[in-house]
Amino acid sequence: MDLFGPIPVRSLGGNKYTLVVVDEFTRFTWLVFLKKKSHAAQEIISLIRKNETLTGLKVKQLRSDHGTEFRNSTLEEFCDHKGIGQNFSAPRTPQQNGVAERRNRTLIEAGRTLMIHAGLPMSFWAEAVNTACFTQNRSIIHRIHKKTPYEMLKDRKPDRDPRSKFEPKADKGIFVGYSSISKAFRVFHVNRQCVEESIHVKFDEESYTDEKVTHSPSIFQELLSCPFDESPCAEEKSDSSDPIIPVPCPLSQDTTATSADNSLDADETLEAEDSPETDNVSVSISPESALVIEHQDHPVD
1 MDLFGPIPVR SLGGNKYTLV VVDEFTRFTW LVFLKKKSHA AQEIISLIRK NETLTGLKVK
61 QLRSDHGTEF RNSTLEEFCD HKGIGQNFSA PRTPQQNGVA ERRNRTLIEA GRTLMIHAGL
121 PMSFWAEAVN TACFTQNRSI IHRIHKKTPY EMLKDRKPDR DPRSKFEPKA DKGIFVGYSS
181 ISKAFRVFHV NRQCVEESIH VKFDEESYTD EKVTHSPSIF QELLSCPFDE SPCAEEKSDS
241 SDPIIPVPCP LSQDTTATSA DNSLDADETL EAEDSPETDN VSVSISPESA LVIEHQDHPV
301 D
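Numbering (full-length UniProt numbering), first residue to last: 1 to 301.
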């Protein structure tokens, strides 16, 4: 582990130092932003306790330089109590702590590049370094284990969309409302056939028109093929306690009358509609579930 600073300009949180902790085996990196160097000992103790609880693994040794933020009575007492060894590099020999020193330089250069590219002031340095650390933990491949630090530590790959290298990173969707439990938009993904909540949305206002908007029935093909008491997404399952009344679907050829009492009404409906249109499909999505309802003369809700 190592610490760099002070940065001439305080971050948005008022910090001037950054504590960099690297796991020697997985090369996973943790960052802790500090207002004073004297806070480093307590932050290291807190980080060790949290990771031992999450991973179930014990820290065996701490490697750092001879800085007072690492060599002090508070940290020594904690290491003695936990049975953790402390290894210090020789004075004026940073290469003996090369793992942390190299990661420091990589993070600083990546953060500086991000700020210059985005045109942000120096006060955003902590956000830039934190973003660089997040991406490097999930992108740098360990040369021996052929895995990312995140995959080695968590024993699973990061959650990513199944895209190839040359496919676009953005998805087209239909805005269907606002989340009732978080500050996010509800968007129907055409390709995934499900409703998701996200704040990373860019609205296409240039192609807005006052004319009636219709979508091809093939967009909602999977939704229309599902039973009315099920939803195509596991996250969007409707509450079984709410009664859902199925409606006749002109797009499905397997729709039949559910009882002899309403068979007459179904026949009268078919006689009244000699050539039912199948292009005007309206989607109405409640905050809790996704349901597909058909209308003949109404635009998309």
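The C-beta atom is built at its ideal place from N, Cα and C for all residues, glycine as well.
Out of the options, which one is the CA nearest neighbour of residue i?
i      : options                       : result
ILE144 : GLY14, ARG27, MET1            : ARG27
PRO6   : ILE108, LYS58, LEU57          : ILE108
THR131 : ARG112, VAL59, PRO121         : ARG112
THR106 : PHE25, ILE140, TYR178, ALA118 : ILE140
ILE181 : THR29, GLY119, GLU197         : GLU197
PHE25  : LYS146, PHE124, LYS165        : LYS146
Alpha carbon to alpha carbon, how far is residue j from residue i? Give it in angstroms, no decimals.
i      : j      : result
HIS81  : LEU114 : 42 Å
PRO94  : ASP23  : 17 Å
ASP2   : LYS183 : 37 Å
LEU12  : SER64  : 28 Å
GLN193 : VAL176 : 13 Å
ASN72  : ASP171 : 52 Å
GLY56  : ASN137 : 20 Å
VAL21  : LYS58  : 15 Å
GLN42  : HIS66  : 17 Å
LEU270 : PRO168 : Low per-residue confidence applies at LEU270: pLDDT is 39, beneath 50, and the placement is therefore not dependable enough to give any value.
ALA110 : ASP204 : 32 Å
PHE4   : ALA126 : 12 Å
GLY173 : ILE199 : 13 Å
PRO248 : LYS154 : Unreliable positioning characterises PRO248 in this predicted model, as indicated by a pLDDT of 47, which lies under 50. The coordinate reading is nonetheless provided below. In a straight line, the C-alpha of PRO248 is about 48 Å away from that of LYS154.
GLN96  : LYS157 : 31 Å
LYS202 : GLY83  : 52 Å
PHE124 : HIS117 : 13 Å
HIS142 : PHE166 : 24 Å
GLU52  : ASP159 : 23 Å
Is residue i a contact residue of the ligand GDP, with contact defined as CB to any heavy atom under 8 Å?
i      : result
PHE124 : Of the ligands one can find in the structure shown there are none, so the ligand GDP has no counterpart to examine.
Does the distance from the C-beta atom of residue i to that of residue j stay below 9 Å?
i     : j      : result
GLN61 : GLY85  : yes
LEU31 : CYS133 : yes
THR74 : ILE48  : no
ALA40 : GLU69  : yes
VAL9  : PRO121 : yes
Residue i: buried (16+ other C-beta within 10 angstroms of its C-beta) or exposed?
i      : result
GLU206 : exposed
PRO149 : buried
ARG103 : buried
VAL129 : buried
GLU151 : buried
ALA100 : buried
THR135 : exposed
Would residue i pass as an interface residue toward chain D - the criterion being a Cβ-Cβ separation below 9 Å?
i    : result
PHE4 : Within the model displayed, chain D is absent; a lone protein chain is all it includes.
*Does the count of Cβ pairs from the segment 183-196 and the segment 83-92 closer than 8 Å reach three?*
no
*Are the segment 10-19 and the segment 31-38 in contact at 8 Å, needing three or more beta carbon pairs?*
yes
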